[in-house]
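Working notes, structure below.
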Amino acid sequence: MNRFARGFARTRCWFGARPLAFDGVLAVLSLAAMVVGSFAVNGVHGPEFGTRTPAARSVVLMVLVAAALLYRRSHPRGVLVFTSLLSVIELGFGDPSAPVAMSAVIALYTVASRTDRPTTWRVGLITMAGLTGTAMFFGSTPWYTQENIAIFAWTGMASAAGDAVRSRRDFVDAIRERAERAERTREEEARRRVAEERLRIARDLHDVVAHHIALVNVQAGVAAHVMDRRPDQAKEALAHVREASRSALNELRATVGLLRQSGDPEAPTEPA
0 MNRFARGFAR TRCWFGARPL AFDGVLAVLS LAAMVVGSFA VNGVHGPEFG TRTPAARSVV
60 LMVLVAAALL YRRSHPRGVL VFTSLLSVIE LGFGDPSAPV AMSAVIALYT VASRTDRPTT
120 WRVGLITMAG LTGTAMFFGS TPWYTQENIA IFAWTGMASA AGDAVRSRRD FVDAIRERAE
180 RAERTREEEA RRRVAEERLR IARDLHDVVA HHIALVNVQA GVAAHVMDRR PDQAKEALAH
240 VREASRSALN ELRATVGLLR QSGDPEAPTE PA
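Under numbering that gives the first Met the number 0, the first residue of the sequence shown carries the number 0, and numbering increases by one thereafter.
Okay, structure coming up:
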């Protein structure tokens, strides 16, 4: 999961570094599609070209809404309002109207992908009702034409698609957050166990060294007591003192070696 989270973060950084270039390409493609669509009419066997040309007003509106798409990331709601208003103008006064509403569909998708679900459906219904109602009641063609039904369908699909993209992005973000949290929890647990183990070793060191020091103290007292009357016993007691102190030093050296952090020098010279 952690590898997935890192890979997803790199992918988002790659795409996030080029948003303006992507939006520029999208604006150009949208403008080309709207211009091509403005020359076409629905025939018996599909779109037919050469039977109409767009008015100068329609060309200006298409250029304006295409340019507005460059700002769809920084001002998604403003771009949606702007493109919707120009689409309403074209739908109400075009004879026949050019597909300016395509830009409003793209802007609606952007808003839906960047906001919560209730807001998405409210904005989607308002946009759908405004564009479809204008086309049906103020357009030059009958209200039941295929073009008007297409506006209704495309605005609904834009809202649904944007909401689906936002839900998937939130889901992936949640997975990445859980992976990072699990990684942090695992590291904290490892550090806690290491600290507990070092505390246990320190307690064992205290017990062992205290035992040897007590033994040294007893043997030193025996040696002092028999030094004058029984020198042989004094020597034996001093030998025990030396052995106990050597054992204490060995235990201390071994235990400190276990407690030393990885990367620490073997024999540090700085004061503790």
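From the three backbone atoms N, C-alpha and C, an ideal C-beta is built for every residue, glycine too. Every value quoted in this text rests on a predicted model; they were computed, and no experiment measured them.
Using three-state DSSP, classify residue i as helix, strand or coil.
{"i": "A106", "result": "helix"}
{"i": "A97", "result": "coil"}
{"i": "A243", "result": "helix"}
{"i": "A39", "result": "strand"}
{"i": "P75", "result": "helix"}
{"i": "T114", "result": "coil"}
{"i": "Y143", "result": "coil"}
{"i": "M226", "result": "coil"}
{"i": "R274", "result": "The first residue shown for the chain is 0 and the last is 271, placing residue 274 beyond what the model contains."}
{"i": "T131", "result": "helix"}
{"i": "T184", "result": "helix"}
{"i": "T154", "result": "helix"}
{"i": "T52", "result": "coil"}
Would you mind giving the Cβ-Cβ distance between residue i and residue j, rounded to the nearest angstrom? I have them listed as a contact below 8 Å.
{"i": "A31", "j": "L69", "result": "That pair is no contact at about 15 Å."}
{"i": "G123", "j": "A111", "result": "7 Å"}
{"i": "L79", "j": "L60", "result": "The Cβ separation is near 16 Å, so there is no contact."}
{"i": "G71", "j": "T109", "result": "First, the residue type needs correcting, since residue 71 is Arg and not Gly in the sequence shown. Confirmed, about 5 Å."}
{"i": "R113", "j": "P75", "result": "6 Å"}
Taking only the alpha-carbon atoms, compute the straight-line gap between residue i and residue j and give it to the nearest angstrom.
{"i": "L19", "j": "M33", "result": "21 Å"}
{"i": "R165", "j": "H205", "result": "59 Å"}
{"i": "V207", "j": "A253", "result": "12 Å"}
{"i": "H210", "j": "E235", "result": "19 Å"}
{"i": "N147", "j": "G36", "result": "15 Å"}
{"i": "L251", "j": "R199", "result": "14 Å"}
{"i": "F14", "j": "E195", "result": "Here F14 scores only 46 on pLDDT, less than 50, and its place in the model should not be relied on; the value that follows carries that caveat. Computed Cα separation, rounded: 45 Å."}
{"i": "D277", "j": "A222", "result": "Outside the modelled stretch of the chain, which goes from 0 to 271, sits residue 277, for which no answer is possible."}
{"i": "A163", "j": "P98", "result": "25 Å"}
{"i": "F81", "j": "W153", "result": "18 Å"}
{"i": "A55", "j": "V62", "result": "11 Å"}
{"i": "E242", "j": "P230", "result": "18 Å"}
{"i": "R183", "j": "F170", "result": "20 Å"}
{"i": "E186", "j": "F21", "result": "40 Å"}
{"i": "T144", "j": "I174", "result": "46 Å"}
{"i": "V58", "j": "A100", "result": "13 Å"}
{"i": "F136", "j": "L85", "result": "17 Å"}
{"i": "I105", "j": "D172", "result": "24 Å"}
{"i": "L73", "j": "E188", "result": "The residue you asked about is not Leu; residue 73 is Ser in the sequence shown. Those two C-alpha atoms are separated by around 42 Å."}
{"i": "G256", "j": "A201", "result": "11 Å"}
So, for residue i: in the same chain, excluding its five sequence neighbours on each side, which residues have a beta-carbon less than 7 Å away from its beta-carbon?
{"i": "S83", "result": "A103, T126, G129, L130"}
{"i": "F151", "result": "M127, T131"}
{"i": "G23", "result": "L69"}
Report all residues from its chain with a CB closer than 8 Å to the CB of residue i; omit the five preceding and five following residues, and keep chain order.
{"i": "A305", "result": "Here the chain covers residues 0 to 271 and nothing more, so residue 305 does not appear."}
{"i": "G155", "result": "G123, M127"}
{"i": "R330", "result": "Because the chain is modelled from 0 through 271, residue 330 falls outside the range shown and cannot be assessed."}
Residues in its own chain within less than 6 Å of residue i by CB, not counting five upstream and five downstream?
{"i": "V240", "result": "V215, Q218, A219"}
{"i": "Q232", "result": "V225"}
{"i": "A67", "result": "V78, F81, T82"}
Determine, using beta-carbon pairs with one atom in the region 117 to 128 and one in the region 152 to 163, whether at least three such pairs fall under 8 Å. Contact between the region 117 to 128 and the region 152 to 163 is established, with three or more Cβ pairs separated by less than 8 Å.
Are at least three pairs of beta-carbons, each pair with one atom in the region 214 to 224 and one in the region 238 to 255, less than 8 Å apart? yes
Three or more C-beta pairs below 8 Å linking the region 174 to 187 and the region 122 to 139: Not touching, per the Cβ criterion.
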